[in-house]
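Residue numbers (the UniProt record's numbering): 1 to 207.
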């Protein structure tokens, strides 16, 4: 199964996309707009795809709600970091015009939570036959339209319980069993600080 976080399915609704750099493209989502041909190749393939579109992401694009949920849980290094990061983004959004769109990055978090705990979110997934507009004009590229001629289906997340989502996210970050152990990080830093051993065979190392 492939989870795709992005896209906006254009049908009978009038919800706008988020390509603010091209105002004439009103119904595309940024990821699809940036590489519409790649999006078309993936979404119109025979892969088993679950699509988490912009409409679903916007349902949980609230820094206030996620911060409130985090305040109700025990603190771990991860939850503390997330709380400080979201607080900073919320502040920037409120006072700087260049940051007015940053709440949409919470949609990326929705993708991670749904992939692991989707069945717990009281979610509704709808099969859709879609097509991605590609290589036409900047005003249309990246738009996703319903296409009855399409031979494949994607499973689009259409609804879920936002309150449950915020609680699941906060509890995952506050789970001490999943929290990083600081000593391990210190050990890793020590490894990075060692001079290279030139006696070893030359090969690429991945940490």
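Beta carbons: idealized from backbone N, C-alpha and C, even for Gly. Predicted, not measured: the structure shown is a model, and the values here were computed from it.
- Taking the Cα positions, residue 52 is about 45 Å away from residue 195.
- DSSP places residue 77 inside the alpha helix (DSSP H), whose first and last residues are 77–95.
- Counting along the chain, residue 3 sits inside the beta strand (DSSP E) bounded by residues 2–5.
- Bridge pairing for residue 126: 156 [DSSP].
- Burial state of residue 143 is buried, judged by a 10 Å Cβ sphere holding 16 or more other Cβ atoms.
- Counting only the Cα atoms, residue 137 lies some 17 Å from residue 18.
- If the five residues before and after residue 145 are omitted, its C-beta is found closer than 6 Å to the C-beta atoms of 10, 131, all from its own chain and listed in chain order.
- Note that the C-beta distance between residue 120 and residue 58 is not below 8 Å.
- About 11 Å separates the beta carbons of residue 157 and residue 113, which is beyond the 8 Å limit, so they are not a contact pair.
- Nearest Cα to residue 90 within the set 153, 67, 192: 67.
- Assignment of beta-bridge partners to residue 51 by DSSP yields 4, 156.
- Sequence-distant partners of residue 46 (beyond 5 residues in either direction) whose C-beta falls short of 8 Å from its own C-beta, in its chain, are 152.
- The continuous beta strand (DSSP E) containing residue 144 extends over residues 144–146.
- In summary, residue 116 is exposed, with fewer than 16 beta-carbon neighbours lying within 10 Å of its beta-carbon over all protein chains present.
- Distances from the alpha-carbon of residue 38 to those of 71, 6, 20 put 6 closest.
- Looking at the DSSP output, residue 9 sits in a beta bridge with 144.
- Around the beta-carbon of residue 163, fewer than 16 other beta-carbon atoms lie within 10 Å, marking it exposed.
- Going by DSSP, residue 40 is part of the alpha helix (DSSP H) stretching over 36–43.
- Between residue 70 and residue 61, the C-beta spacing is not below 8 Å.
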